[in-house]
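K.L.:
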Amino acid sequence: MQLPEKVYKNLDTSTKFMRFTIPLPMFAYPIYLWRRSPGKKGSHFNPYSDLFAPHERKAVLISTLCWTSMVLLLLYSSFLFGFLPVLKIYGIPYLVSHSPLPSLPPCLLAFLFSSIFTAARVLYYAFVSIEICHVTRLIIIRIYMIFVAWLDMVTYLHHHGYEQKLPWYRGKEWSYLRGGLTTIDRDYGIINNIHHDIGTHVIHHLFPQIPHYHLVEATRAAKPVLGKYYREPKKSGAFPWHLFGYLARSLGEDHYVSDTGEVVFYQSDPEIFTFSKPNNAKTKSN
Numbered sequence: 001m002q003l004p005e006k007v008y009k010n011l012d013t014s015t016k017f018m019r020f021t022i023p024l025p026m027f028a029y030p031i032y033l034w035r036r037s038p039g040k041k042g043s044h045f046n047p048y049s050d051l052f053a054p055h056e057r058k059a060v061l062i063s064t065l066c067w068t069s070m071v072l073l074l075l076y077s078s079f080l081f082g083f084l085p086v087l088k089i090y091g092i093p094y095l096v097s098h099s100p101l102p103s104l105p106p107c108l109l110a111f112l113f114s115s116i117f118t119a120a121r122v123l124y125y126a127f128v129s130i131e132i133c134h135v136t137r138l139i140i141i142r143i144y145m146i147f148v149a150w151l152d153m154v155t156y157l158h159h160h161g162y163e164q165k166l167p168w169y170r171g172k173e174w175s176y177l178r179g180g181l182t183t184i185d186r187d188y189g190i191i192n193n194i195h196h197d198i199g200t201h202v203i204h205h206l207f208p209q210i211p212h213y214h215l216v217e218a219t220r221a222a223k224p225v226l227g228k229y230y231r232e233p234k235k236s237g238a239f240p241w242h243l244f245g246y247l248a249r250s251l252g253e254d255h256y257v258s259d260t261g262e263v264v265f266y267q268s269d270p271e272i273f274t275f276s277k278p279n280n281a282k283t284k285s286n
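Per UniProt numbering, residue 1 is the first one in the sequence shown, and the count goes up by one each step.
Shown next as structure tokens:
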């Protein structure tokens with residue numbers, strides 16, 4: 001996640017602008033999956049990427065083939081049967097199964113499911129005269145953009161933006177425990193349950209095998225043991241507006257870490273958006 005000083009100083013101004021200017025970094029997740037972040041190589045979909053060990057290649061290949069096949073199947077089904085039937089049979093059950101709703105009584109789930117689909121049908125026939133395909137496409141794109149932006153922000157703030165500078169460990173100073181303890185818990189208000197309590201990020205890093213429905217309990221039990229090494233998150237209101245301030249401050253201050261040393265902290269570049277070519281371009285011209 002950290003950006004070494006040498007890599008940072010070889011980035012051109014446009015790349016820095018894209019990486020550190022809100023809201024642009026909040027839409028980078030799909031690009032990151034394909035190409036990772038600037039200065040790093042690899043793809044999460046390529047089994048021969050540097051990200052994966054040789055024994056993981058088969059699993060990555062199977063995963064990539066499976067999700068690609070599912071996407072193609074959904075697109076073909078939408079073309080063959082229409083968008084709404086696919087939404088009814090696949091989309092809504094998918095959303096329900098990936099939310100806190102399964103804890104509701106079965107009769108209430110059935111009522112909610114039928115109500116959502118009925119509302120979708122009403123909207124379909126209400127808008128069919130104004131190019132429903134265009135309206136549906138715009139809605140889906142906007143929902144996807146909101147999801148990507150929120151996912152990017154949540155992931156970033158679990159590793160950046162704390163009130164005090166957090167250390168990054170390298171070489172002999174790094175250990176699995178130290179790395180996990182430099183992550184940050186966050187309080188998302190009413191969104192905690194929707195996230196399956198992923199705001200309890202420290203315990204998730206230390207014990208990734210703990211299921212989401214035990215994360216709060218495990219965090220509560222770990223606090224006395226961790227003592228000063230646990231950083232209590234700021235309590236949120238109904239909606240975590242305060243996190244946007246942390247995001248803005250971190251993107252404005254946390255730019256790179258030194259290339260030397262095994263315990264390093266983020267440093268700021270006061271001339272971050274000075275229009276100049278990367279250092280390697282100057283060397284090439286000489």
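Think of the CB as a built atom: it goes at the ideal place given N, C-alpha and C, for glycine as much as any other residue.
Since this is a predicted model, take the numbers as computed values, not measurements.
(1) With a threshold of 8 Å between beta carbons, is proline 30 in contact with chain B?
(2) Terminal residues of the continuous alpha helix (DSSP H) containing residue 296?
(3) Which first and last residues belong to the alpha helix (DSSP H) in which tyrosine 8 is found?
(4) With respect to the alpha helix (DSSP H) encompassing valine 257, which residues constitute its N-terminal and C-terminal limits?
(5) Can you tell me the Cβ-Cβ gap for aspartate 187 and valine 216, rounded? I've got them flagged as a contact below 8 Å.
(6) For histidine 204, report the span of its alpha helix (DSSP H) as first-last.
(7) If you drop the 5 nearest sequence neighbours on each side, which residues of the same chain put their C-beta closer than 7 Å to that of alanine 248?
(8) Out of curiosity, what's the CA-to-CA distance linking leucine 84 and leucine 74?
(9) Among Ile194, His160, Leu243, which one has its Cα closest to the Cα of glutamine 2?
(10) Which residue or residues does DSSP assign as beta-bridge partners of glutamine 267?
(11) So for isoleucine 272, helix, strand or coil by DSSP?
(12) Smallest Cα separation from phenylalanine 17: which of Asp259, Val264, His255, Glu262?
(13) Return the first residue and the last residue of the alpha helix (DSSP H) that phenylalanine 20 is part of.
P.N.:
Reading from the atomic positions:
(1) Note that chain B does not occur in the displayed structure, where there is just one protein chain.
(2) The structure shown does not extend to residue 296, since the chain spans only 1 to 286, so no value can be given for it.
(3) 5-9
(4) For valine 257, there is no enclosing alpha helix (DSSP H), as DSSP marks it with neither H nor E.
(5) Wrong, their Cβ atoms sit about 11 Å apart, outside the cutoff.
(6) 201-206
(7) Ile22
(8) 12 Å
(9) His160
(10) Tyr256
(11) coil
(12) His255
(13) 13-20
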